[in-house]
Every structure is written in structure tokens, then in C-alpha cells.
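Peer 1: Dropping the structure in here first, questions after.
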Amino acid sequence: MTNPLSKLNSILENLLFVWLGLSFILLIGEKAISLPPILQVIGRGHPLLLHFPITLILIGVIFLLFPSLRNNETFRDIGAKSLLWGSNLAGITVIAGLILAREDYEGDSLLWHQWAGMVTFWGASFIYFFQKRNLKQIAIPAVALGICLTLTGHWGANITHGENYLLAPLNPPAEQVPLAEAEVFDHVIQPILQAKCESCHREGKTKGELRMDNLSELKKGGKSGPFVVSGDLTQSLLTQRINLPLEEEEHMPPKNKAQLTEEEFQILTTWVESGANFEGKLVDLPQESELFQLASLRFSSEDSYDFEPASGSTIEDLNTYFRKVSPIYPESPALEVSYFGISAFEPSSLKDLQKIKEQLVNLRLDKMPLSEVNLDFLNDFPNLRELSLNFTELTAGQLESFPLLDQLEGLSLSGNSLTPDAINRIAEMENLQNLFLWNTGLNDSQKQQLSEQLPNTKIDFGFEGKDIILPLNSPKITQDRVLFSDSLRIELSHPIQSTTIRFTLDGTEPDSISSPVYSEPIYVKTSGKIRAKAFAPEWIGSEEITSVFMKSGLKPQNVELLTQPSPNYKAQLAETLFDQIKGKNNHTSGEWLGYSDKAFEAEFSLEENQHPTNIGISLLYHEGAYIFPPVKVEIMGWRNGKAETLISDQPTQSEKIREIRSELLTYKLPDGNFEKIRVKLYPIQSLPKWHPGAGAKGWVFIDEILLN
Amino acid sequence: MEKELLEHGLNLNRRKFLSRLSLGLGSAALGSLLIPDLFRGQSKEEDAIMVALPHFAPKAKRVIYLFQNGAPSQLESFDYKPLLQKSYGQDLPESIRMGQRLTGMTADQERFPLVGSYYDFQQYGESRAWISSIFPYTAKVVDDLCIIKSMHTEAINHDPALTFFQTGAQVGNRPSMGSWLSYGLGSENSNLPAFCVLLSRGKGNGQGVYSKLWSNGFLDATHQGVQFSNSEDPVLYLRDPHSMSRSERRKMLDQIASMNELNFQEFNDPAITAKVQQYEMAYRMQTAVPEITDVSKEPDSIVKLYGPDCLVPGTYAANCLLARKLSESGVRFVQLYHQGWDQHGNLPNEMAQQAKDVDQASAALITDLKQRGLLDETLVIWGGEFGRTNYCQGKIQVDNYGRDHHPRAFSIWMAGGGVKPGIVYGKTDEFGYNIIENPVHVHDFQATVLHLLGIDHERLTFKHLGRRYRLTDVSGHVVKDILV
Numbered sequence: 001m002t003n004p005l006s007k008l009n010s011i012l013e014n015l016l017f018v019w020l021g022l023s024f025i026l027l028i029g030e031k032a033i034s035l036p037p038i039l040q041v042i043g044r045g046h047p048l049l050l051h052f053p054i055t056l057i058l059i060g061v062i063f064l065l066f067p068s069l070r071n072n073e074t075f076r077d078i079g080a081k082s083l084l085w086g087s088n089l090a091g092i093t094v095i096a097g098l099i100l101a102r103e104d105y106e107g108d109s110l111l112w113h114q115w116a117g118m119v120t121f122w123g124a125s126f127i128y129f130f131q132k133r134n135l136k137q138i139a140i141p142a143v144a145l146g147i148c149l150t151l152t153g154h155w156g157a158n159i160t161h162g163e164n165y166l167l168a169p170l171n172p173p174a175e176q177v178p179l180a181e182a183e184v185f186d187h188v189i190q191p192i193l194q195a196k197c198e199s200c201h202r203e204g205k206t207k208g209e210l211r212m213d214n215l216s217e218l219k220k221g222g223k224s225g226p227f228v229v230s231g232d233l234t235q236s237l238l239t240q241r242i243n244l245p246l247e248e249e250e251h252m253p254p255k256n257k258a259q260l261t262e263e264e265f266q267i268l269t270t271w272v273e274s275g276a277n278f279e280g281k282l283v284d285l286p287q288e289s290e291l292f293q294l295a296s297l298r299f300s301s302e303d304s305y306d307f308e309p310a311s312g313s314t315i316e317d318l319n320t321y322f323r324k325v326s327p328i329y330p331e332s333p334a335l336e337v338s339y340f341g342i343s344a345f346e347p348s349s350l351k352d353l354q355k356i357k358e359q360l361v362n363l364r365l366d367k368m369p370l371s372e373v374n375l376d377f378l379n380d381f382p383n384l385r386e387l388s389l390n391f392t393e394l395t396a397g398q399l400e401s402f403p404l405l406d407q408l409e410g411l412s413l414s415g416n417s418l419t420p421d422a423i424n425r426i427a428e429m430e431n432l433q434n435l436f437l438w439n440t441g442l443n444d445s446q447k448q449q450l451s452e453q454l455p456n457t458k459i460d461f462g463f464e465g466k467d468i469i470l471p472l473n474s475p476k477i478t479q480d481r482v483l484f485s486d487s488l489r490i491e492l493s494h495p496i497q498s499t500t501i502r503f504t505l506d507g508t509e510p511d512s513i514s515s516p517v518y519s520e521p522i523y524v525k526t527s528g529k530i531r532a533k534a535f536a537p538e539w540i541g542s543e544e545i546t547s548v549f550m551k552s553g554l555k556p557q558n559v560e561l562l563t564q565p566s567p568n569y570k571a572q573l574a575e576t577l578f579d580q581i582k583g584k585n586n587h588t589s590g591e592w593l594g595y596s597d598k599a600f601e602a603e604f605s606l607e608e609n610q611h612p613t614n615i616g617i618s619l620l621y622h623e624g625a626y627i628f629p630p631v632k633v634e635i636m637g638w639r640n641g642k643a644e645t646l647i648s649d650q651p652t653q654s655e656k657i658r659e660i661r662s663e664l665l666t667y668k669l670p671d672g673n674f675e676k677i678r679v680k681l682y683p684i685q686s687l688p689k690w691h692p693g694a695g696a697k698g699w700v701f702i703d704e705i706l707l708n
Numbered sequence: 001m002e003k004e005l006l007e008h009g010l011n012l013n014r015r016k017f018l019s020r021l022s023l024g025l026g027s028a029a030l031g032s033l034l035i036p037d038l039f040r041g042q043s044k045e046e047d048a049i050m051v052a053l054p055h056f057a058p059k060a061k062r063v064i065y066l067f068q069n070g071a072p073s074q075l076e077s078f079d080y081k082p083l084l085q086k087s088y089g090q091d092l093p094e095s096i097r098m099g100q101r102l103t104g105m106t107a108d109q110e111r112f113p114l115v116g117s118y119y120d121f122q123q124y125g126e127s128r129a130w131i132s133s134i135f136p137y138t139a140k141v142v143d144d145l146c147i148i149k150s151m152h153t154e155a156i157n158h159d160p161a162l163t164f165f166q167t168g169a170q171v172g173n174r175p176s177m178g179s180w181l182s183y184g185l186g187s188e189n190s191n192l193p194a195f196c197v198l199l200s201r202g203k204g205n206g207q208g209v210y211s212k213l214w215s216n217g218f219l220d221a222t223h224q225g226v227q228f229s230n231s232e233d234p235v236l237y238l239r240d241p242h243s244m245s246r247s248e249r250r251k252m253l254d255q256i257a258s259m260n261e262l263n264f265q266e267f268n269d270p271a272i273t274a275k276v277q278q279y280e281m282a283y284r285m286q287t288a289v290p291e292i293t294d295v296s297k298e299p300d301s302i303v304k305l306y307g308p309d310c311l312v313p314g315t316y317a318a319n320c321l322l323a324r325k326l327s328e329s330g331v332r333f334v335q336l337y338h339q340g341w342d343q344h345g346n347l348p349n350e351m352a353q354q355a356k357d358v359d360q361a362s363a364a365l366i367t368d369l370k371q372r373g374l375l376d377e378t379l380v381i382w383g384g385e386f387g388r389t390n391y392c393q394g395k396i397q398v399d400n401y402g403r404d405h406h407p408r409a410f411s412i413w414m415a416g417g418g419v420k421p422g423i424v425y426g427k428t429d430e431f432g433y434n435i436i437e438n439p440v441h442v443h444d445f446q447a448t449v450l451h452l453l454g455i456d457h458e459r460l461t462f463k464h465l466g467r468r469y470r471l472t473d474v475s476g477h478v479v480k481d482i483l484v
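Sequence lines, in order, name chains A and B.
Under full-length UniProt numbering, residues 1 to 708 are what the first sequence spells out, in order.
Under full-length UniProt numbering, residues 1 to 484 are what the second sequence spells out, in order.
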């Protein structure tokens, strides 16, 4: 009875020789043999198959090599079996590999890979058959086998991923080329091809007989045609293939490989469209061309600097609360320096910058008082490109002998007065690209002259606003309170110092000619309203601002509300009207009586000695919250028990939404001894058309009645 | 108490022991292979930041973000749709709306009558961009602007949309954009916070803003936005108490610092150092802030440029002027909010007022930065949290209508700081409802802003609660087409 397992072993042992023979035939026959397509499929299985022998052979070698494992029967058996299976699979893998190699592969790596693979296969078989010899004899061959296996893998990976794949992460990334030096092909197109195409189209793996790792080979094209045809998207294989739908077999890069990004796709397409030039700089392309616009984004427009960076500790030492010194971007040698804090400025601290005189590229001293500083220190910085000296109190002398900095690209002198000599001095700096001269006191002809003298410089003279006439904003009225007993101090002010404030107290609109000019605080002694406007030359007069003030008055008897206010706005009911407390400008403050559905109607009795001549009704207006002036004010008086209408008035209605405000309606009362007075206010029943709530009911809010 | 102290000591020893163990030779060798910067002596945070900074000089160094809170209508500002005027009162076709969700305010509306802009549009500048008549000053600087008409967002209500714009998430526990920049780039001027916030309010229907919008989230507290108030003290509690001299203040701070130092030695809590830094920063701000908020030295032409309101604290114009002063003093991120853009009704009237509040000063800021040579390095952004519907909310009238929230398409503009000037990017359909060309999601916008400042949005991360967070969450593409 033969053990089925040992039978399998012997079959496998015999198969080893079959693989050996087949591999020899393939190796020697090379391209002389033509193979059926079915074998090509096996060939393409190579990248999959190869993993099995690697693992199995390594397990075999380890189990047979280490004495502790080797001396254990079971482990030894596993080792032997692994080695046998591994050798068989190595044989199959070698054969598959040899078939695959007949496709578009060539080059040194392939050769090395092939032979190392063969040696691995033979070596594994050899060790399998001599495994029972003592350890000393097979130790060296076994270790050699392990090394050979590793090398085979390495060369194989070189074929698939490219020669430098393994060690690439250790090499520093290529220096970024500045935009000014970038070549269209070398620095824009080539990197895309390198990243997305070259792993299959290069020495050693020339799929479609196209190589992209070599310019002359690339220009030759591949087996299906030319790589690019200048300006022709359909004839150029490059654009033709990348344009195919992803499912198409011919689509490039192949479906399972990394695809082109939208940006890369656009760049390649516009490159072919624009003529597919292999020579020429990016900056020589027209700025508006699509290729330039796309490709230039890949580069920083920064110049490269050829000076050494300053040491980290130098930079650290120079940084204070009032001076920021930092690289223009991490790891750049170029430094920018900004000063802050006007009161903390020490002119001597500028000397510290000597330590970074090579590296200083941008210097900002805006608002620092520099009038005492000798500006010649700026000559010490050979690489200074941007200098900002806005509002630095520079004197005529300093500006007229301003250091001529040839390398300077941007200069800001806004807020310093330039004399004619200073202008001439600035005009000598012909290399300036940007010049900022706002608020420097130049007249139109000086501006024009300077523009002509510096034709290549963009000069910004800024905003002057000389001919622009704008409306002023209203002045501000400050008064401690609205209700007062003896007199009230009122102050007027305006944020712009040069304005004139005119006001009236008689209810008329203030004008710019006859109304009194405000010069000192006003004291008022009677109820009324102040109206004020601001005026200034070269400005349109402001809108008026008003404020009321009320002298507190008599306190009548038996105040009674004849109609009840809305439950939400009932304040202290009748008490409210004569409590001598002026409500805040907020209808929900609890100091206001609100009426909407019904008219407000209140009645109060006067004592014999009370003879008011004036009545004031203090109201709140806020159109946005539907609070309007009453449509009608009715005041009735009782004399000797007989009622008469004293006042019937329709106050001016609102015409637009305005800010919340307090208003005082005042009326003169006829002479006479009245026992009782009744006030009735009618809320607006239908809001006007211009209002968002047009047609809805409006409100009347009242907080006080003043009798004087 | 003794027990706690003992436990603390034990903890300290155990921690030391474990950290020594983990720093064994083998793990260190392995670590140095895996993390190349392990022995460079930088903190982990700095490492994370360095990785996010690319190797070229960023275009923008600072940002001024003019947030128009409440969502200004794109249809009355930058997205001109004559079809809406022609189809006044007709219903929005369902084929255009495509099931877009509605807010609770219009969900019950039976009809969606289209309504066109109340204001006229005209083309301006070399870019021939269309701008409505209520933005005359903006129209004058149009060749400095990059108008994006294809913004879209995910939120449909103010607070989530605002939070999304500012922090990259609709729920409010993440750091704000300015905090991320403060974290990534640090401060330019160490006497001022890197992130300042200024608020103003227009007369239009408004929505509140909350301090969570300028929160540092899980980042260090030093990255929080500092709000400048419009009162007499622009920064609250910055003044010394009455009769306290500077030297006394200095002495006090030194004492507190030495006590904090003791605490730090014992507990090693970085929050203690952060606190000491904050105190010191506040001390330096005591001189820096008055210098900056002083407008008395501004030339007369500045008042004409920004409008006379720029001298009235708390107005949008004053905030724009202050924003410029902070920015030129090295503040990385100045965030303005102008409230009152929520025109559900009364749009023709309110929107004109709102525009009047902001138009002149926004344009002035561009001109002002330009004339100082700062626009190239300062990114200015103007826009709201979403757009408004092309149909009317409520009763439709020729001179009075409203618009509801619309997240699918809206317009913003950017200027300076490496953004292409004088272009209009993106397109909406003729109804102004859907984007048909070059959509820009909020995350794309955020990625682009970070890119302009030289930050890779995918790499500026912070590990919190076991995962890495970033401003753009898990998406966002830099809009390369609008870069210079």
C-alpha cells in the first residue's frame, strides 16, 4: 500500500524536472517559438504566481536551517513539503515569467531578473533533494538561495515600478524651479509623463514600443504612431488615448493605474493644441494662453534666493514684542521684518538688522517715527525687495537724499509729504515695479510727470476725494434726561471737528444761514424740541436730528383711563400718565401704554388753583414696529359742567420707516377754569401702502401727559 | 487633602515610569524612522502646523471678512436675472425647484410667484460685471473684485448656516476660521490678538450673532476671537482701575505669573501657561489698542473715502476703518458682522438701507488697502450665509415683496490677497435658482481661503476626542480658477 501523500510527493518531485526542461526550451528558443494565446494568459499570471514560491521557499529554508526546528520531526516535514511545493511553483512562475517577457519587456533589469529567477528555482530544487545532508553542507547554499530570492524580487519590482522605485523616498525631492526658469516640456509636461506614464513606457518595459524616459525615443513615437503631432489632437496618440472613455482598452493610463487629474489632462491637451513644443520657457508663452495659465499655477512665482539662511537663534533673538522677524515661508532663507508699536519704537533697534542684512527681503516700518533716522542704513541690505514706509514722518531732507536702492521692487511712501526734489529723487529708482504715493501732497502735474519718468512702474496715488461732495451725517444730541423740573443742559456734537452745527428751539427747520450756530451747551427752561443739522464746506448739509425735552408739570386729580390699553402694554395704567417718568425708547419697557383696537381715552380733574396753559402729550413713534402718530387728537374740557372741544388736530403722519424715537405733541389750552379734561388719541386703522404691513392696524404708545 | 496629594504624587511617578518605558531605545529608534521630526525638538502641534504649510510664499497674509449677516439677496446685488422681471408673478416651475426644501416661513405658501429685482442693474468696469444700483461704490471698484455667483451651502436657517460658514460644521463646537488661522499661522503682532471681531447692526430685519461664532472650539484659548466693542473702551476691562499705575500693574502681573509658574511645575497643565500668556498679551494691549483705535490722525480724505459715519463708533463704516487699522497692525483675521440683511418682507426699502450702510465703506476698504500697498497681501471677503429665493414670500407687490432663505445659489465677492481681480466666477440658471457652472461649496470656499494664506486645508488638523478635525471637515477643493 503506497501512502497517497508520498505518491503526491513523488509526482511533485518529478514535475520539477518537467518545469526545468520547459524553462530551458523557453529560455533558449526565445522569440523563435510562437505561442498560442492561452499561454499568454498564463504569462500574465506571473505577477500573481510569484508570491507563492517566495513564501513557501522562505518557510522551507527557515525550517530546514534552524537546528531547533530541524531537529523536530514535524517541523522538518513541513519545511521539506514547503520547499517542494515552493520549488514547483517557482518552476511554474519562471515559465510564466519567460512567456510574459516576450511581451514588451527588455533591458538589464529583465535579464538579471530572469537569471536570478532561474537560479532560485534550481537552487530550491537542489536543496530539496539534498536536505537530509547535514546542516553544515546545506547552510551556505540555503542562505544563498534566500539572497537570490530577494534579488529576484527586487529586479522584478524594478521592471514594474521603475529603477529608482525602492530608494526614491531616501533621495531628496527635486528642487522646485522658479516660474521664471521653468521650461515647458522639462518642467511641466515631463513631470506628468513621469508620474503617470513612464512606469510602463520606458527602458525595460516599452509597452506599445513607446518610451517616455528618453526625449529622442519619445519623439520617435510607438508602434501605433507618433506620440504627438503638433496642434492635432486626434493624430497625436497622447491626446487620442487619454481622451478615450475609461472603459476602452486603449484608454491611457490603463483603467487600474493612477489616472490623470483634470489639471494634468488640461495641461497635456493644451500643450498639444499649442503646438507640442519640446523647447522653450513657460514665461515666453503669451500670458493669456491657456497653457500658461494652467501651467504657471504649478510654480511659485517666487524668485529663488542664493544666499544662506540666517541661523534660527539669530532670528529668534531678533524677534521682540515690537518686531516680527520671520521667513517669508517655512524654510525660505528670505526674511521679512515688521515693526509694531509706535510708542515703543527705538531707532537704535534698526541696527540689529545688520545681523540679517543678506537675508532681509521685506521691511515694513509703517507709522514708526523715522524722522530722526539716517535712512542710509537701507543701503546695507543687498536683497531688499519690498520697503514700506507709510506715515513715517519722513522729512524733506530725508526724502531728498533717499537711498537709491536699485534692487527694490516695491516702495510705499504714503502719508509722507514729498517735495519736488524728493519726487525727482524717487524718479531715479527706475527698477521699481510698484510705488505707493497716496497722501503725499503731489499735484496733478507732478503726478503726471512722475508717471512719465517711471514708465515701467505702477504708481498708486490713492484717493483724494477733492471733488467729491457727500452728505454729512447728523450731529449728536446729548441730554441727561427728557423730563426736567427747572432747566436742562443740552449738548450738540459731531464726529467731524470742522463742521458747524446749527439748531432751532422754536420748531422750525434749521438752515445753514440764519439758524443759530452751536458753540456751547444750551440750557432750556420750557418744554420743547431741539432740531439740529450739521454743515461743512465741501459737504452736503446733514439730515436733521431732533430731540424733545419736557418740563414736568402739574399733577391733576382722579386720573382715569376710559378705555383699557392692550394687556401687553398696560404699564401702571392711569398712574403712568403723570408719574413724571419718561419712558425709554422701547415700547416693551413697561413704561408705555399701548392702544391699537380702541382709541386712547383718559380723563382727569383739575383743582381750582390749577390753570394749565399748555398740554404736552409724550408719544413713541416706531414705524417698523407699527407704532405711528395718532391720526387724530381730541381734547375736551369741562367748564361749569359743560363740555366743549378744546382741540381737534390731525398730527403729521409718517411717510417712511424711521428709527424709534420719542415725540411730544404740544397744544395751547384756552384760558379758563376747567374742572375736567379728557384726551382722546385715535390709532391709525390701516397702515399706508408703503408699509410692509399695509392695511393692518397701527398702534399708539403714550407714556406721559404734561400740564404747564 | 493629604490623600489627594499622595495620589497625585503616585500618578506623577507612574506617568514618569510609563513615559520612560515608552522612550526605550527600541521604540525611539523605530519612532525616528516613522516620524522623521521626532528628534527635532518641536512640539507635536508645531509639527502638525509645519506639515500644513507649503513651501512657497503665501499670497495673503491677513484676512478681513465682511460678513453680511442675515443673507443679502443675490438677486438685488450681483446676480442679474432679467427673466424674473419678465415673469413677474408667475409661479416658479417645479422643474426648477426640484423639491428643494422650504423653511417654515414659506412651507404653507400655496404659490411661489417669481419676482425680479426692484433695482436696476448695470455693467461696470473692464470685467463688465452686473451690479445693482444700490451698490454704486462697490461698482466703482469692481475691477478689483472677484465675484462668485455660484456659492452654495447646506443649511437653510441662519444660525446653522452662519456656524457652517465660520466653523465648517453646523453645530457649534468647532473652532472658527479665524481661530484656525491663529492656530496655523500664529500672530504677526504679538501685542494684539491674531483674531478680532467687530459687530454692527443695520436697520433691516436682523438676526443675532453669538460668541460661539468666534470660539476657539477645542483649540487653545489663545486662539479665540477678541470682540471689540463700540463703547468708550473698545476692549472691555483693558483699562487699569482708577489710580492704579502701570508699575503697580506690572508688579501684580509678575506676582501672579510666579505663582502660576509654581502651579505649572506641579501640574504641567498647558492651560496655565496659556493663561499667563493671555495676561501678558492684555498688558501689552493696554498700549497697543489705544494707538490703533485712535482715528484722530487719519487724513481728511479717509473720512470722505469711508463716509462720515466712520467716525461714529459701532457703525459698519467705523468697523471697516478699524478693521483696516487692525489689519495693517498685523492682526491675521478681522471678522466683521453687519446684521440686518434678513429681508423676508419690505425688501425694496430695507435692502436699499442696508446697502447704504455697507456699500461705501466696503469699497473704501479696498481702495484704502490698495493705496497703502496692502491689498496684495490682504484678502477681503464680502458675503452672507446663504442666498434668497427668486420667488416672493408673503404678498407680492411691485414695490413691496420679500424673499425667503435659499441655500442653493448665492453670491459673494473676494478681493486682494492672491485672488484674481476683475472676474465673475460661476453661473446660475436664468431663474437664479440653481447653479449651472462652477459651483463653490462652503468647504471649497474655506479651502481656498486657507490656500491663499499658504495652508493646505487637508493637513491643518487638530486631534480632539480621538479624531483629527479640520476646518473643511472631510471635503473641500481649492478653487484654482480664481487664484492669481
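Ideal Cβ placement from N, Cα and C applies to all residues, glycine included.
Owing to the predicted nature of the structure, the values given are computational and were not obtained by experimental measurement.
Just to confirm, is the Cβ distance from residue 204 of chain A to residue 223 of chain A under 8 Å?
Peer 2: Translated into the one-based positions of the first sequence, residue 204 of chain A becomes position 204. Translated into the one-based positions of the first sequence, residue 223 of chain A becomes position 223. Going by C-beta atoms, residue 204 of chain A is not nearer than 8 Å to residue 223 of chain A.
Peer 1: In angstroms, rounded to a whole number, what distance separates the CA positions of residue 326 of chain A and residue 535 of chain A?
Peer 2: Position 326 of the first sequence, counted from the first residue, corresponds to residue 326 of chain A. Position 535 of the first sequence, counted from the first residue, corresponds to residue 535 of chain A. Near 49 Å, if we compare the C-alpha coordinates of residue 535 of chain A and residue 326 of chain A.
Peer 1: What do you get for residue 77 of chain B, buried or exposed, if any count of 16 or more other CB atoms within 10 angstroms of its CB means buried?
Peer 2: Your numbering for residue 77 of chain B matches position 77 in the second sequence. By the 10 Å Cβ count, residue 77 of chain B comes out buried.
Peer 1: In the segment 437-458 of chain A, which residues sit with their C-beta less than 7 Å from some C-beta in chain B, listed in chain order?
Peer 2: From the segment 437-458 of chain A, only 438, 439 have a Cβ closer than 7 Å to chain B.
Peer 1: Let's test the definition: count the other Cβ atoms within 10 Å of the Cβ of residue 160 of chain A and tell me whether it reaches 16, buried, or not, exposed.
Peer 2: In the first sequence, counting from the first residue as 1, residue 160 of chain A sits at position 160. The residue in question, residue 160 of chain A, is exposed, as its Cβ has fewer than 16 Cβ neighbours within 10 Å.
Peer 1: Going by beta-carbon coordinates alone, are residue 355 of chain B and residue 306 of chain B separated by less than 8 Å?
Peer 2: As a working note, residue 355 of chain B is residue 355 in the second sequence. As a working note, residue 306 of chain B is residue 306 in the second sequence. Result no, Cβ atoms of residue 355 of chain B and residue 306 of chain B do not sit closer than 8 Å.
Peer 1: Is there contact between the segment 323-339 of chain A and the segment 360-378 of chain A, where contact requires at least three CB pairs shorter than 8 Å?
Peer 2: Flag = yes, the segment 323-339 of chain A and the segment 360-378 of chain A touch.
Peer 1: Applying the criterion that 16 or more other CB atoms from any shown protein chain within 10 Å of the CB defines a buried residue, is residue 181 of chain B buried or exposed?
Peer 2: To locate residue 181 of chain B, count along the second sequence from 1; it is residue 181. Label assigned to residue 181 of chain B: buried.
Peer 1: Check the Cβ-Cβ distances between residue 533 of chain A and every residue of chain B, and say whether any is below 8 Å.
Peer 2: Here residue 533 of chain A is taken as the residue at index 533 of the first sequence, counted from 1. For residue 533 of chain A, the answer is no, since every Cβ of chain B falls outside 8 Å of its Cβ.
Peer 1: Between which residues of its own chain and residue 333 of chain B is the CB-CB distance below 6 Å, once the five residues before and five after are set aside?
Peer 2: Within the second sequence, the letter at position 333 stands for residue 333 of chain B. Excluding residues within five positions, the ones whose Cβ falls inside 6 Å are 63, 178, 181, 195.
Peer 1: In the DSSP output, what is residue 504 of chain A paired with across the bridge?
Peer 2: Taking the first sequence and counting its residues from 1, the one referred to as residue 504 of chain A is at position 504. DSSP lists A/531 as partners of residue 504 of chain A.
Peer 1: Between which residues of its own chain and residue 42 of chain B is the CB-CB distance below 6 Å, once the five residues before and five after are set aside?
Peer 2: Within the second sequence, residue 42 of chain B is the residue found at index 42, counting from 1. With a pLDDT of 44 at residue 42 of chain B, under the threshold of 50, the modelled position of that residue is not reliable, and no figure is offered here.
Peer 1: Could you check what DSSP says for residue 91 of chain A in three-state terms: helix, strand or coil?
Peer 2: For this step, residue 91 of chain A is matched to residue 91 along the first sequence. It is helical.
Peer 1: Distance, Cα to Cα, residue 429 of chain A vs residue 199 of chain A?
Peer 2: Mapped onto the first sequence, residue 429 of chain A falls at position 429. Mapped onto the first sequence, residue 199 of chain A falls at position 199. Taking the straight line from one Cα to the other gives about 52 Å.
Peer 1: Just to confirm the assignment, what range does the beta strand (DSSP E) spanning residue 645 of chain A have?
Peer 2: Sequence index remark: in the first sequence, residue 645 of chain A carries index 645 (1-based). Taken as a continuous stretch (DSSP letters only), the beta strand (DSSP E) holding residue 645 of chain A covers 642-649.
Peer 1: Looking at residue 479 of chain B and residue 456 of chain B, is the spacing between their C-beta atoms short of 8 Å?
Peer 2: Along the second sequence, one-based indexing puts residue 456 of chain B at 456. Along the second sequence, one-based indexing puts residue 479 of chain B at 479. No, the Cβ-Cβ distance between residue 456 of chain B and residue 479 of chain B is not below 8 Å.
Peer 1: Taking only beta carbons into account, state which residues of the segment 150-161 of chain B come closer than 7 Å to chain A, listed in chain order.
Peer 2: So the list is empty, because no residue satisfies the distance condition.
Peer 1: Along the chain, which unbroken stretches of the alpha helix (DSSP H) at least 4 residues long are found entirely within the segment 150-176 of chain B?
Peer 2: Runs of the alpha helix (DSSP H) inside the segment 150-176 of chain B: 158-167.
Peer 1: Do residue 386 of chain B and residue 81 of chain B have their CB atoms nearer than 8 Å?
Peer 2: Walking along the second sequence from the start, residue 386 of chain B turns up at place 386. Walking along the second sequence from the start, residue 81 of chain B turns up at place 81. Going by C-beta atoms, residue 386 of chain B is not nearer than 8 Å to residue 81 of chain B.
Peer 1: Below 8 Å on C-beta distance, what does residue 338 of chain A contact in chain B?
Peer 2: One-based indexing of the first sequence puts residue 338 of chain A at position 338. Going along chain B in sequence order, the residues near residue 338 of chain A (Cβ under 8 Å) are 188, 189, 330.
Peer 1: What residue does the alpha helix (DSSP H) around residue 138 of chain B start on, and which one ends it?
Peer 2: For the purposes of this step, residue 138 of chain B is identified with residue 138 of the second sequence, where counting begins at 1. Residue 138 of chain B -> alpha helix (DSSP H) spans 136-140.
Peer 1: Under 8 Å between the Cβ atoms of residue 381 of chain B and residue 118 of chain B?
Peer 2: Residue numbering aside, residue 381 of chain B sits at position 381 when the second sequence is read from its first letter. Residue numbering aside, residue 118 of chain B sits at position 118 when the second sequence is read from its first letter. Not a contact, by the Cβ cut-off of 8 Å.
Peer 1: Terminal residues of the continuous alpha helix (DSSP H) containing residue 286 of chain B?
Peer 2: Walking along the second sequence from the start, residue 286 of chain B turns up at place 286. From DSSP, the alpha helix (DSSP H) with residue 286 of chain B extends over 270-293.
Peer 1: Just the C-alpha distance for residue 226 of chain A and residue 378 of chain A, rounded to the nearest angstrom, thanks.
Peer 2: Walking along the first sequence from the start, residue 226 of chain A turns up at place 226. Walking along the first sequence from the start, residue 378 of chain A turns up at place 378. Rounded to the nearest angstrom, the two C-alpha atoms are 58 Å apart.
Peer 1: By how many angstroms is the C-alpha of residue 320 of chain A removed from the C-alpha of residue 249 of chain B?
Peer 2: Within the second sequence, numbered from 1, the residue matching residue 249 of chain B stands at position 249. Within the first sequence, numbered from 1, the residue matching residue 320 of chain A stands at position 320. If you take the alpha carbons of residue 249 of chain B and residue 320 of chain A, they lie about 21 Å apart.
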